[in-house]
Every structure is written in structure tokens, then in C-alpha cells.
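S.K.: Shown below is the structure under consideration.
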């Protein structure tokens, strides 16, 4: 896992990925007490950065292998990223989802061209189902974060941040990244190490699901007690990955932790001041910039808004915090 | 008024304006029955394209004249565009607003650095107040649309559309533009005439406030009976401008008219599928693409989402249409 893999992924993504804008607002700056730059990955294809990793993984496969198709386990942003990248490559994808997934998520994943295979959470193992289908059809598994080409794809977001920050004259800043398993966080950290050494990554996580922050403190992989029960579903995983954790350990600063209420308020500020739709997990980094300012250093901070796949009811909850 | 003025405005805007992305979604395409490309000017500084015209007008002034400051009459997007452009130029701005304007609009305009002068709609004339202040302080009036440098500034959005469409291989398309007084519409039309002759502009307006569509049909300037009473407040003016109308007459196709309910549904689709915040007036062009497809020609359509300055209550009304 190195910068050359990220640069190669960027070459393969060119003309297919969206170069998302780096936004700002004087009103956001005022709340944060410093200049805030927002990398709006919610505007990426499929509504999250996950398209980068999906495309990078698909495009790295041998054509003959790719032709047989790919498989992923996910009901969320990774599913859509892989399905859309597969469709754009003209190859089949199978997404294994729990049968109790919201109907809209299933419909959307299908609309991105995937075959959705449902399983019963209680009686079936998704790994067994996935292994059987993969073997029968010769599909390649695309893991959500602990996979070098996926990390390389997410790292292309870091290359863009390096260029866009330089264009704004920002050479020293903390870069807060919404962090689940650490694919985006470690990818951006590797990109910035090579391209913008004055930019240092900090992971942001929801309160009670701060496995990365705790792992960084203790120096070994720590687990979350639960993997559900927080509105930031997109960035909750059991633990950091075996590949992503050593990268984070070497390159990123202490983790930042935010509450659900802070996340909802942040979604409302993003609506009001940046005109973007952030999902809860995608708003965690900006929430840290707004509500943990005493834990951040410097005149500038860069944050990812990593996804925007939120339903109307949850968004209405966020807007209600403006009252 | 010519393409050279637009190119000169683009040079002056470089490094200050945001190059807003051209977004798309397969879900939007499916509703529209063709490929839809969305120029997301809601992501522009101050949340609308008006920053372009404000900056172009300010930057075209003689430094000595500019130094004294500018004045505008507006409680909306033009006010914020002029105020922000003035602040970034380091010169004073005065915005004349009705005293019954929402407190948030007044606060926001002040936050962009403007001195807000309130007047009583019933007993005072804003033109008289503006004329007196201008004379006393030597301020330059920046009109909202019927002003060559403002049209040139809005036209820079058209230069970007020409480049971004070409990058997507789109050489033939209708370009639907949210249309009030015609500044953005005529500016984009002039830019495309020079840079992308296969792209033809169509204005979009709210039902009952279709002065431009009617003027284009009758061949002379027609007025709206009212200038309030529609959620698309940002694109309602009494009539097309003396400068903008002849340009539109020469270059744009028939107007498209959309209902308030269609606009609200479109805002919800933009939330759901594009992850952007559109205000009602800013959603009119996309609404035309989604709901007037039989009046549009070709495999591709390009639309402006021209602004995103909408309050939470109105946005909640839009989201409720998804139920």
C-alpha cells in the first residue's frame, strides 16, 4: 500500500470520478472560529466517496476476471459505489443485503445495476451465501475498506484535497475525515503524506463508536461493543482494518468524537450555509470542526462531508435543530 | 453587450468565483426520459449565481469609483451577491431592504459586510432613499439584471457550461435556465452562441409569472400582473429587461412554465438524487426538465439550479412531497 497505487488509481478514475468541490462559508468559519474547507464528497457519483474505491477496485482487476463480475456485502454506500462502478464497467455485480433492508435501499442498489441477493439475518450467514455465489459464478469480492485497491481509490480524494488546498494557499491544516473502518482516512493520509506534508489527518467518529480513537490511544486494535444504534450508520464498523490501522497509527493525529445531536445540528448548518445534503455519518468531521474547536490546531481546517444518502425523515430531524 | 465582455468578466472572476460542478444522476435521467446535466449554482458563493454578476460589476469599476462603494436594492440573492463581492473587494456596500424583510435575511446581508438601510414599503420610496444615499456618498448602483457587466458576469456561468458539456461529449442540447429579469438567461445565451452553438437556451418560469415566455411569444415586453404570491420569489420580476429582452428574443427558444407543486417535488428530487439544496426559484429549470419533457427536444438537457437560499420550513414542505 503506497502512494504509487493511489496515483495509479487516480489515472484510472480520470474522466469517470467527479472532482468534488472544496466549499466554504463565512458563517461556518464564524462558528468554527477558523477557516473551514469542506470537501463535498456527498456530490460524488452514488452520493458518497465509496464510488472511488469501487471504481479503483473494479478497474484494477484483470479484464477476464472483471468480466465475470464482483460481489459485495453492504446495504449502504459501499453497495451503491460497487454497483455503479460495475455498471459503468459493463460487468455484473451481486450485492448481498439483509432481507429487512429498507425497500428504497434495495430498489436503489438494483437501479445501479446490481443483482440483489437477500439473506435472513437470523438464520443465514452472509459470508456463506457470498462464498457460494462467488464460487459458482467466479465473482471477485470487493471488501469495503480493508483492501489495497479500495484504500487507493479513497486516497484519490486526498490527492484532490492536496491540490485544492494549495490552490487556496492552505499549506498547514488539520484534515478531519469521517471514519468507519478507516479506508478513506488511511487513503487520504497516505495521499497527503506524499503531496501536502503540512496537512495532517484526524479521524472523526460518533460517541460510543470510537474504536479508531481508542485504538490509536492504546496502540492496538480495539472493538466497538455494538455496531448499530447510532444515526451515523455509514461510519460504524466493528473495528479498524488490519491494513488501515497501521497506516492510521503512523500518520494520523488523535481521534475526535461527536454526539448525535451535534451531527444533526451540523447537517442543518451544511444545508443552510453550504447548500449540500450531508448524511449523519457524512457530517461527523464537520461536526468536529464546529463543536470540538479546542481540540483542533491552526487557522485552517479541512473536513470531508463524505456522504449524503439520508432519508427525508432524518433530514427533517436535522432541520428541526435550526428552530 | 457581447461575448468579449463575458470573457473579460471570466478573467476578472478567476480565482474568486467557484467553478460549480455539472452533476447528474441516473435516477433523474429516468424521470426526465433523457440525460439531464445540472449546473449547480446553488454551490456558488452566497448560494446563488448572483455572486458572478456582483463581482463582475464591482471589478469593472474604476478603482477610485469602486473605493467609494456600491448600493443595491434587494432583499434576496442579488443583495448577498453584491455585498459579498464588495466585501471581497474591500469596499463598502449599502443594501436597501424593506423593513419587514425576514430578520435572517437582514442578518445574513449584514454578515456579508453590507450596511443595511431599511425602508417602509408603504410610506417610502426605495428609489428616493437609494438616490439620496448614492449622491451623499458617491455610491455606484448595481442593478440586478439590466446592466451590461451584471449580464457579463452571469454569462461566465455559460462559459463553464460550454466547457463542461463538451467534456461530457454533449454538443447538442437544450439549456433550461431559471429566468427572472433575464440576466442569467441572456448571459448564458450569449456565451453559448459563441462557445457551443449546438446548445440552445430555454427560459423556465413559474406559472402565472411567465412574463418572459409571453414576451417571447408576442414579440414585445409583457408584464406580470403581480410580483409576489409564488414560492419562486427569486425569479419573479415585473418584466424582462430592456437589455436582456432583445438578447433573449434573438437567441432563446420558447419559455417553459412550471407549477409550484412541480417545483417542490423537484427540490425533493434534487435533495434525494443530487444531494444539493435548491430553492424554489432555483429549481424551476430542473422542474421543466422533469415535468415538461414533451416540450423539450434531444437526448440531453442541461439545467441551471441557480440558487439554494431556502429556509427550513419551505424545504420541509418540499421533502413532504416524497411521502
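Protein chains in written order, with this note's numbering: chain A, 153 to 475; chain B, 153 to 475.
Even for Gly, the Cβ is constructed at its ideal location relative to N, Cα and C.
Small disclaimer: the values here were computed from a predicted structure and weren't measured.
(1) Taking only runs of the alpha helix (DSSP H) that begin and end inside the segment 244-310 of chain A, which ones reach a length of at least 4 residues, in chain order?
(2) In chain B, which residues lie with their C-beta within 8 angstroms of the C-beta of residue 194 (chain A)?
(3) Per DSSP, residue 191 (chain A) is paired with what?
(4) Sort out for me which residues DSSP pairs residue 236 (chain A) with in a bridge.
(5) By the criterion of Cβ-Cβ separation under 9 angstroms, what are the contact partners of residue 439 (chain B) in chain A?
(6) I need the DSSP call for residue 448 (chain B), collapsed to helix, strand or coil.
(7) Once the 5 residues before and after residue 334 (chain B) are set aside, which same chain residues still bring their CB inside 7 angstroms of it?
(8) Is residue 213 (chain A) helix, strand or coil when you go by DSSP?
(9) Measuring alpha carbon to alpha carbon, tell me which residue in A:161, A:430, A:368 and A:362 is nearest residue 211 (chain A).
(10) So is residue 251 (chain B) buried or exposed if we call it buried at 16+ other beta carbons inside 10 Å?
(11) Looking at the structure shown, is residue 164 (chain A) part of a helix, part of a strand, or coil, going by DSSP?
(12) Is the CB-CB distance between residue 375 (chain B) and residue 336 (chain B) below 8 angstroms?
(13) Can you tell me which of the three DSSP states residue 410 (chain A) falls into?
(14) Residues of chain B with CB closer than 8 angstroms to the CB of residue 471 (chain A), please, in chain order.
(15) Mind checking whether the beta-carbon of residue 437 (chain B) lies closer than 7 angstroms to any heavy atom of the ligand PLP?
(16) Closest Cβ-Cβ distance between residue 178 (chain A) and chain B: below 8 angstroms?
(17) Which chain A residues sit within Cβ distance under 8 angstroms of residue 204 (chain B)?
(18) Are there 16 or more other CB atoms within 10 angstroms of the CB of residue 163 (chain B), so buried, or fewer, so exposed?
(19) Counting C-beta neighbours from all protein chains within 10 Å, is the total for residue 441 (chain A) 16 or more, i.e. buried, or is it exposed?
(20) CA-CA distance, residue 222 (chain B) and residue 215 (chain B)?
(21) Select from the segment 248-276 of chain B all residues with a C-beta closer than 7 angstroms to any C-beta belonging to chain A, and list them in chain order.
(22) Cβ closer than 8 angstroms: which chain B residues qualify as neighbours of residue 423 (chain A)?
(23) Indicate the three-state DSSP secondary structure (helix, strand or coil) for residue 182 (chain B) in the structure shown.
(24) Evaluate residue 466 (chain A) with the Cβ neighbour count: other Cβ atoms within 10 Å of its Cβ, from every protein chain shown; 16 or more gives buried, anything less gives exposed.
(25) Alpha carbons only, please: which of B:431, B:448 and B:459 is nearest the one belonging to residue 468 (chain B)?
(26) Determine, for residue 136 (chain B), whether the minimum Cβ-Cβ distance to residues of chain A falls below 8 angstroms.
(27) List the residues of chain B whose Cβ lies closer than 8 angstroms to the Cβ of residue 185 (chain A), in chain order.
(28) Quick one: is residue 170 (chain B) near chain A, going by C-beta distance under 8 angstroms?
(29) Which residues in chain A sit within 7 angstroms of residue 175 (chain B), going by Cβ to Cβ distance?
(30) Identify, in the order they occur along the chain, each residue of the same chain with its Cβ nearer than 7 angstroms to the Cβ of residue 295 (chain B), setting aside the five sequence neighbours on each side.
(31) Quick check on residue 474 (chain A) - is its C-beta less than 8 angstroms from some C-beta in chain B?
(32) On the three-pair Cβ rule with 8 angstroms, is the segment 258-273 of chain B touching the segment 448-461 of chain A?
(33) Could you tell me the distance, in whole angstroms, from the CA atom of residue 443 (chain A) to the CA atom of residue 177 (chain A)?
(34) Using a C-beta to C-beta distance shorter than 7 angstroms, which residues of chain A count as neighbours of residue 199 (chain B)?
(35) Using the three-state DSSP reduction, which class does residue 226 (chain B) fall into: helix, strand or coil?
(36) Any C-beta of chain B sitting closer than 8 angstroms to the C-beta of residue 460 (chain A)?
M.R.: Considering the structure as presented:
(1) 255-263 and 278-289
(2) Numbered from its first residue, the first chain carries residue 194 (chain A) at position 42. 427, listed in chain order.
(3) The residue you call residue 191 (chain A) lines up with position 39 of the first chain. A:174 and A:456, per the DSSP bridge assignment.
(4) In the first chain, the residue the question calls residue 236 (chain A) occupies position 84. Answer by DSSP bridge pairing: none, since residue 236 (chain A) is not bridged.
(5) The sequence position of residue 439 (chain B) within the second chain is 287, counting from 1. Neighbours of residue 439 (chain B) on chain A: none; closest Cβ ~18 angstroms, over 9 angstroms.
(6) As a working note, residue 448 (chain B) is residue 296 in the second chain. Looking at residue 448 (chain B) - three-state DSSP - the assignment turns out to be coil, as it is neither helix nor strand.
(7) For the purposes of this step, residue 334 (chain B) is identified with residue 182 of the second chain, where counting begins at 1. Around residue 334 (chain B): 297, 364, 392, 393, 396, 397 and 400.
(8) If you number the first chain from 1, residue 213 (chain A) lands on position 61. Coil, per DSSP.
(9) For the purposes of this step, residue 211 (chain A) is identified with residue 59 of the first chain, where counting begins at 1. Nearest of A:161, A:430, A:368 and A:362 to residue 211 (chain A), Cα basis: A:161.
(10) Looking up residue 251 (chain B) in the second chain gives position 99. By the 10 Å Cβ count, residue 251 (chain B) comes out exposed.
(11) One-based indexing of the first chain puts residue 164 (chain A) at position 12. Helix.
(12) One-based indexing of the second chain puts residue 375 (chain B) at position 223. One-based indexing of the second chain puts residue 336 (chain B) at position 184. For residue 375 (chain B) and residue 336 (chain B), no; Cβs fall outside 8 angstroms.
(13) Within the first chain, residue 410 (chain A) is the residue found at index 258, counting from 1. In this structure, residue 410 (chain A) counts as strand in the three-state DSSP scheme.
(14) Stepping through the first chain from its first residue, residue 471 (chain A) is reached at position 319. Near residue 471 (chain A) (Cβ distances below 8 angstroms), the residues of chain B are 464, 467 and 468.
(15) The ligand content of the structure shown is nil, which means the ligand PLP is not present either.
(16) Here residue 178 (chain A) is taken as the residue at index 26 of the first chain, counted from 1. Taking Cβ atoms only, chain B reaches closer than 8 angstroms to residue 178 (chain A), which makes this a yes.
(17) Reading the second chain from its first residue, position 52 is the one you call residue 204 (chain B). Ordered by position in chain A, no residue passes the 8 angstroms Cβ test against residue 204 (chain B), which lies about 15 angstroms from the chain.
(18) Mapped onto the second chain, residue 163 (chain B) falls at position 11. It counts as exposed.
(19) Locating residue 441 (chain A) in the first chain gives position 289, counting from the first residue. The residue is buried, with at least 16 neighbouring Cβ atoms inside 10 Å.
(20) Taking the second chain and counting its residues from 1, one reaches residue 222 (chain B) at position 70. Taking the second chain and counting its residues from 1, one reaches residue 215 (chain B) at position 63. C-alpha separation (whole angstroms): 12 angstroms.
(21) 263
(22) As a position in the first chain, residue 423 (chain A) is number 271, starting the count at 1. By Cβ distance, chain B contributes 429, 464 and 467.
(23) As a first step, residue 182 (chain B) must be located in the second chain, where it is residue number 30. Reduced to three states, the DSSP call for residue 182 (chain B) is helix.
(24) Within the first chain, numbered from 1, the residue matching residue 466 (chain A) stands at position 314. So residue 466 (chain A) counts as exposed.
(25) Locating residue 468 (chain B) in the second chain gives position 316, counting from the first residue. Minimum Cα distance to residue 468 (chain B) is reached at B:431.
(26) The structure shown has nothing for residue 136 (chain B), since chain B only spans 153 to 475.
(27) Reading the first chain from its first residue, position 33 is the one you call residue 185 (chain A). None at all; the shortest Cβ gap to chain B is about 15 angstroms.
(28) The residue labelled residue 170 (chain B) in the question sits at position 18 within the second chain. Yes, its Cβ sits closer than 8 angstroms to a Cβ of chain A.
(29) For the purposes of this step, residue 175 (chain B) is taken as residue 23 along the second chain, with counting starting at 1. The answer, in chain order, is 195.
(30) The residue given as residue 295 (chain B) occupies position 143 in the second chain. Same-chain partners within the cutoff: 302.
(31) Within the first chain, the letter at position 322 stands for residue 474 (chain A). Yes, contact with chain B.
(32) no
(33) Residue 443 (chain A) sits at position 291 when you count from the first residue of the first chain. Residue 177 (chain A) sits at position 25 when you count from the first residue of the first chain. If you take the alpha carbons of residue 443 (chain A) and residue 177 (chain A), they lie about 16 angstroms apart.
(34) Here the question's residue 199 (chain B) lines up with position 47 in the second chain. 427, listed in chain order.
(35) As a first step, residue 226 (chain B) must be located in the second chain, where it is residue number 74. Residue state, collapsed to three classes: coil.
(36) To locate residue 460 (chain A), count along the first chain from 1; it is residue 308. Residue 460 (chain A) counts as touching chain B.
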